[in-house]
Amino acid sequence: MVLLSALPDYEPAVTPWPPPRKPLLPHPAPVWDEPGPTRDTVWRLLTLLLESLDGRRPLPQLRTALATGVYEAMATRARVTTGRNHRLISLHTCRTSPETLELAASIREWPTGRPQSWRGRALAGRMELRNDTWLCTFLRPVGR
25 MVLLSALPDY
35 EPAVTPWPPP
45 RKPLLPHPAP
55 VWDEPGPTRD
65 TVWRLLTLLL
75 ESLDGRRPLP
85 QLRTALATGV
95 YEAMATRARV
105 TTGRNHRLIS
115 LHTCRTSPET
125 LELAASIREW
135 PTGRPQSWRG
145 RALAGRMELR
155 NDTWLCTFLR
165 PVGR
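Taken in order, the sequence shown gives residues 25 to 168; the numbers are from my numbering.
The following block contains the structure:
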């Protein structure tokens with residue numbers, strides 16, 4: 025009787041079946057609606073931005089928290105929305121990386137003195153952590 029054995033240099037390595045799956049993303053999955061101080065910071069910044077749209081707060085106070093494009097867009101919107109009030113209703117966040125946070129917010133907007141005639145608006149935005157400070161790099165109303 026002849027015993028046959030595998031030749032290590034010629035035989036392929038034995039692999040488990042089924043083969044192990046590779047992760048779909050090279051980094052951890054996004055974190056939705058994270059609680060804590062980061063969310064509180066974003067809520068506060070949006071509230072302050074809405075106050076500047078109402079004319080109750082000077083926009084230059086928020087200059088260091090906004091990227092140049094966002095600041096210029098907010099300055100333009102503040103001129104257009106005079107005579108209107110805004111209130112932040114809800115905020116949803118998604119941390120896509122340790123330094124990036126995306127947000128979706130809903131606000132109410134109504135003419136001054138007529139709170140019963142409000143309408144809902146949505147905002148989409150992006151915050152980036154730079155030098156241990158959150159900077160708003162994108163903020164746009166959704167829809168008309």
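Ideal placement from N, C-alpha and C gives every residue a C-beta, glycine not left out. If you're wondering where the values come from, they're calculated on a predicted model, not measured in any experiment.
- In this model, Leu153 and Glu123 are separated by some 5 Å (Cα to Cα).
- Between Leu125 and Met98 the beta-carbon gap is near 18 Å, outside 8 Å, which marks them as no contact.
- Counting along the chain, the unbroken alpha helix (DSSP H) around Arg68 starts and ends at 61-78.
- With 16 or more neighbouring CB atoms inside 10 Å of its own CB, Ile131 falls in the buried class.
- Under DSSP, Thr124 takes part in a beta bridge, and its partners are Ser121, Glu152.
- In the DSSP assignment, Thr161 falls within the unbroken beta strand (DSSP E) covering 157-166.
- For Arg111, DSSP records a beta bridge to Arg132.
- Rounded to the nearest whole angstrom, the CA to CA distance from Gly93 to Asp156 is 21 Å.
- Taking Val166 as the centre and dropping the five residues before and after it, the same chain places the C-beta of Ala146, Ala148 closer than 6 Å to its C-beta, in chain order.
- Distance between Arg164 and Leu115, taken at the CA atoms: about 14 Å.
- Put simply, of Thr62, Arg87, Thr136 the residue whose alpha carbon is nearest the alpha carbon of His110 is Thr136.
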